[in-house]
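Student: First the structure, which I've put down as structure tokens, then a few questions once you've had a look.
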Amino acid sequence: MAGKVWYLKQDDFNVFYQVFEPSVNKSKESEKKCSQDFSQDKKPFVGIECYTQEESLKESCCRHIKLEHAQKESKAASHLQTDHLAARVPDNMMQEDYVGILREYFQLEVDIENLYEKWSAEDAYFKSVAGNFGGIRLLRQDPVENLFSFICASNNNIARISSMVEKLCDHFGRPITEVNGRLYHDFPCVDVLAQDGVQKKLRELGFGYRAEFIVSSAKSVMEKGGLSWLLSLRCGSFEKARSELMKLRGVGEKVADCVCLMSLDKTCAVPVDTHVWKFAAKHYLPALKMAKTLTTKRYQEISPKFPGHAYRMQSPAFCLYVYLLGGQGKLPGHLLGCQTLHSPESRALSSGL
């Protein structure tokens, strides 16, 4: 994340982080714009000067410094423990950068408490589960990483998706640093994925038909302006961003909606996969239970059920549904009636995106 290696952990109210920085004195090779020769297996290695720091990032229950939102719509506050940082960090600006990166990544400016109250007033099912699955947040991810990761995710399972993303980083990404004997790489720049020889290498790595989708989409993005073009989609309408993304190879409705929601600030986007479809049919649109396949028409029936802020669709109600599909753990007594049958089919569904 942000060209650094992060170790993150949490308790009920905190996110703890440890950051491993690349060396300030990078080699000339590493400063090139992510260009490599993929006809060989040679990869530039960055000289590493490791810096670590562990602090606590507080959310809404923190009793320390209160930071007000700079948003007109909401005067609600997120809370961040920062009063002790300067004495422990050599570069205070560096620490502020870390906090800023985490705040943006976890979208801590979003007033979850008020949203939960609003949705609970509108939705009895949501109200019944929200208190047991609080603190769930959508990430604001890098659009390049998100786009190409979701191209890998199409018709795939989580284990294989994770493997593909790791291969993209290890073979095409810029080295960051070595931690505990493992060399970590950044996600590749879009111009790297558009280079000659990448498709052949991806096929050798087992990407199959997705190799063509990745390279073709990378070239299209570069023709439109690269990362700057992707970021510009944050400023336009959801419909425009979705339409532009769906012009890329390997990007259908779901992938476009995922990128819009998780990278382009389009909170009205509702990505619909098998889980969301089954969840919507069970709790909101019972007519969908009769459907055998997820068609475009049925896909479009689900979004209007969650107008204005699709964050709700990825929140406690949906997380509980996926949790139950996997047959994991025990629930509080008042939630036992929400359980679904743990059939082989439902267990299999829990392993896909």
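Going by the UniProt record's numbering, the sequence shown opens with residue 1, and the numbers climb by one from there.
Glycine is no exception: its CB is placed at the ideal position from the N, C-alpha and C atoms.
All figures in this text were calculated on a predicted structure; none of them were measured in a lab.
Just the C-alpha distance for Met1 and Asp186, rounded to the nearest angstrom, thanks.
Tutor: Looking up residue 1 in the sequence shown gives position 1. Looking up residue 186 in the sequence shown gives position 186. Taking the straight line from one Cα to the other gives about 8 Å.
Student: Starting from Gln18 and walking both ways along the beta strand (DSSP E), at which residues does that stretch end?
Tutor: Along the sequence shown, read from residue 1 onward, the residue named residue 18 stands at position 18. From DSSP, the beta strand (DSSP E) with Gln18 extends over 14-20.
Student: Closer than 7 Å by C-beta to Tyr105: which residues in its own chain qualify, once you throw out the five before and the five after it? Chain order, please.
Tutor: Position 105 of the sequence shown, counted from the start, is the residue given in the question as residue 105. These residues qualify, in order along the chain: Met1, Leu139, Arg140.
Student: So what does Ala185 bridge to, in DSSP terms?
Tutor: As a first step, residue 185 must be located in the sequence shown, where it is residue number 185. Note that residue 185 corresponds to His in the displayed sequence, not to Ala. Answer by DSSP bridge pairing, in chain order: Pro175.
Student: Look up Val5 in the DSSP assignment and give the residues it is bridged to.
Tutor: As a working note, residue 5 is residue 5 in the sequence shown. In DSSP, Val5 forms a bridge with Phe20.
Student: Please state if the CB of Val5 and the CB of Thr177 are separated by a distance shorter than 7 Å.
Tutor: Position 177 of the sequence shown, counted from the first residue, corresponds to residue 177. Position 5 of the sequence shown, counted from the first residue, corresponds to residue 5. Cβ atoms of Thr177 and Val5: closer than 7 Å.
Student: With DSSP collapsed to three states, give me the class of Asn157.
Tutor: By 1-based counting over the sequence shown, the position of residue 157 is 157. In the structure shown, Asn157 sits in a strand (DSSP, three-state: E or B).
Student: Leaving out five residues on either side along the sequence, give the residues of the same chain with a beta carbon under 6 Å from the beta carbon of Leu147.
Tutor: Against the sequence shown, residue 147 aligns to sequence position 147. Contacts found: Val259.
Student: Using a Cβ-Cβ cut-off of 7 Å (strictly less than) and excluding sequence neighbours within five positions of Pro304, which residues of its own chain qualify?
Tutor: Position 304 of the sequence shown holds residue 304. Same-chain partners within the cutoff: there are none.
Student: Is the beta carbon of Ser162 within less than 6 Å of some heavy atom of the ligand NAP?
Tutor: By its list of ligands, the structure shown contains no ligand whatsoever, and the ligand NAP lies outside what it can speak to.
Student: My output table needs one value for Gln95: the three-state DSSP class, helix, strand or coil.
Tutor: On the sequence shown, position 95 is the one that residue 95 refers to. Gln95: helix per DSSP, three-state reduction.
Student: Please report the distance separating the alpha-carbon of Ser350 from that of Tyr299.
Tutor: Stepping through the sequence shown from its first residue, residue 350 is reached at position 350. Stepping through the sequence shown from its first residue, residue 299 is reached at position 299. Reliability of the predicted coordinates at Ser350 is poor, the pLDDT of 27 falling under 50, and no value is obtained from them.
Student: Per DSSP, what kind of secondary structure is Gln300 in: helix, strand or coil?
Tutor: Residue mapping note: residue 300 aligns to position 300 of the sequence shown, counting from 1. In the structure shown, Gln300 sits in a helix (DSSP, three-state: H, G or I).
Student: Please classify Lys254: is it buried, with 16 or more other beta-carbons within 10 angstroms of its beta-carbon, or exposed?
Tutor: For the purposes of this step, residue 254 is taken as residue 254 along the sequence shown, with counting starting at 1. Classification of Lys254: buried, given that the 10 Å Cβ count is 16 or more.
Student: Which of the three DSSP states, helix, strand or coil, is assigned to Gln199?
Tutor: Locating residue 199 in the sequence shown gives position 199, counting from the first residue. Three-state result, Gln199: helix.
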